[in-house]
Structures are given as structure tokens and as C-alpha cells.
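Notes for the one structure printed next.
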Amino acid sequence: FNSAESNKLTDESATAVLAMRQACKNILYTVANSGYYADGNPATGMTNMTKLFVMIDVILAVVLIVVDTIVIVRWRKKKKQAAKDYLDKNYDKQIRIIDLARTIGTNQQTLKKEFKELFGMTIWGYYNDLRMEKAKDLLIHQEKSIAEVADNIGYKNPQHFTVAFKKKYGILPKALKYK
Numbered sequence: 266f267n268s269a270e271s272n273k274l275t276d277e278s279a280t281a282v283l284a285m286r287q288a289c290k291n292i293l294y295t296v297a298n299s300g301y302y303a304d305g306n307p308a309t310g311m312t313n314m315t316k317l318f319v320m321i322d323v324i325l326a327v328v329l330i331v332v333d334t335i336v337i338v339r340w341r342k343k344k345k346q347a348a349k350d351y352l353d354k355n356y357d358k359q360i361r362i363i364d365l366a367r368t369i370g371t372n373q374q375t376l377k378k379e380f381k382e383l384f385g386m387t388i389w390g391y392y393n394d395l396r397m398e399k400a401k402d403l404l405i406h407q408e409k410s411i412a413e414v415a416d417n418i419g420y421k422n423p424q425h426f427t428v429a430f431k432k433k434y435g436i437l438p439k440a441l442k443y444k
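What follows is the structure, given as C-alpha cells:
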């Protein structure tokens, strides 16, 4: 994701609103040129048409703002989902938030704030929970040593993994391994 994609979405919504505006003006010009005026006075009719043009411009400007807001909100949600998907695929690697933010095209502070808003937990909380769930699954369903499990989920030091696992589940990894 990058700002060009965001600009493209904004440009597309602006183009749609401009097309609606032009269609409305064409209809109004057709009515104005038809010689029909509600009060029968062409001068009053044109003044009313001018007021109508201004009202249409204001309404379409509001529509453009609403459409842009919706597009931006969806775009930001896609970025946060992209961050989660990246973590899901790369749980076995050492990940820095600044690198993750760069990968998806945002800054670190925005990513942290918006990730927590969407998923209800911090990036590190999600990342660590994901790694511990993968480790638990490996310990229960595969015959791997604790060192292999630690390595498979991105821990260089098995003791650090053991401490993190115990903190998460309240038991040592070897207790699961031998069940």
C-alpha cells in the first residue's frame, strides 16, 4: 500500500462526483434553456437556477468529503489487516515495528494506534500470542524438542522462549511436550 493508491482512490471518487455535478448542470441548463420558469419570469428563473447551482455544488462537495472519508477509512483498515497478515506469515522471524510500518507504507505511531483500535491489542501482544499459540501447537502435535520449537517460532534462545511460554500459559513447555 502506498500514497499513490490512496490518491488513486481519492481521484476516482472526485471524478465520480464531478461527473454527477456535470450531469446535474446539464439537466439544469436544459431546463433553463427550455423557457420554462415556475413564475413565468425568465429573470427570476435564472436567479433561482444560479442558487440551485450553488446548492448542487455544496451538496456535491459534501458527497465528495463523505466518499473520501469512506475510502480513506477502508484503505487504512486494509493497511492494518496487511500488518496482521504479515505477522501471521512471518511469526518465525524477528520483526521490528518500524520495519513492519515501512513494509505496509505507514509510520510506526499510526500503525500502533490503528492496529490496537482494530484488533483490540497491541502489535507486540498479537505477535507474541501468535508465536505462543504456534509453539503450543508444535509441542502438542509434533515431536520436536523445546529448542527446535523455540527456533521454529523465532526465538534464538530456548530459555527466553521457556520464560515467555510460562508467562503466557503458567506452565513450562516441557509439561505440554510430555502430555
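Note that this note's numbering has the sequence shown beginning at 266, numbered continuously upward. Glycine included, each C-beta is placed from N, C-alpha and C at the ideal position.
Given GLN374, which residues of its chain have a CB within under 7 Å of its CB, disregarding the five upstream and five downstream residues?
-> none
Measuring CB to CB, does THR368 end up less than 8 Å from LYS344?
-> no
Test item: CB-CB of THR427 and LEU441 under 8 Å = no
Taking the alpha-carbon positions, what's the THR280 to LYS316 distance?
-> 23 Å
Distance, ARG341 Cα to LYS251 Cα = Shown here, the chain extends from 266 to 444; a query on residue 251 therefore has no answer.
Residues in its own chain within less than 7 Å of LEU403 by CB, not counting five upstream and five downstream?
-> LYS409, VAL414, ASN417
Which class does GLN407 belong to by DSSP, given the choice of helix, strand or coil?
-> coil
Taking the alpha helix (DSSP H) that LYS378 falls in, what are its first and last residues?
-> 373-384
Residue nearest to ALA347 in terms of C-alpha spacing, selected from GLU379, ASP322, ILE321, GLN359 | GLU379
Note down, in chain order, each residue of its chain lying with its Cβ closer than 8 Å to the Cβ of TYR356, except the 5 sequence neighbours on either side.
-> TYR392, LEU395, ARG396, LYS399, ILE418, GLY419
Buried versus exposed, by CB contacts within 10 Å (16 or more), LEU283 | exposed
Measuring CA to CA, which of MET285, VAL338, PHE384, VAL332 is closest to ILE321?
-> MET285
Round the Cβ separation of LYS354 and PHE384 to the nearest angstrom and send it over; I've been treating them as touching at under 8 Å.
-> Not quite, the Cβ-Cβ distance comes to about 16 Å (not below 8 Å), so this is no contact.
Going by Cα to Cα distance, which pick from TYR351, ARG339, LEU352, LYS290 is closest to ILE324?
-> LYS290
Could you give the DSSP three-state label for ILE360: helix, strand or coil?
-> coil
Simplified DSSP state of LYS421, which is helix, strand or coil = coil
Spatially closest choice to PHE318 from VAL332, VAL331, GLN287, by CA coordinates | GLN287
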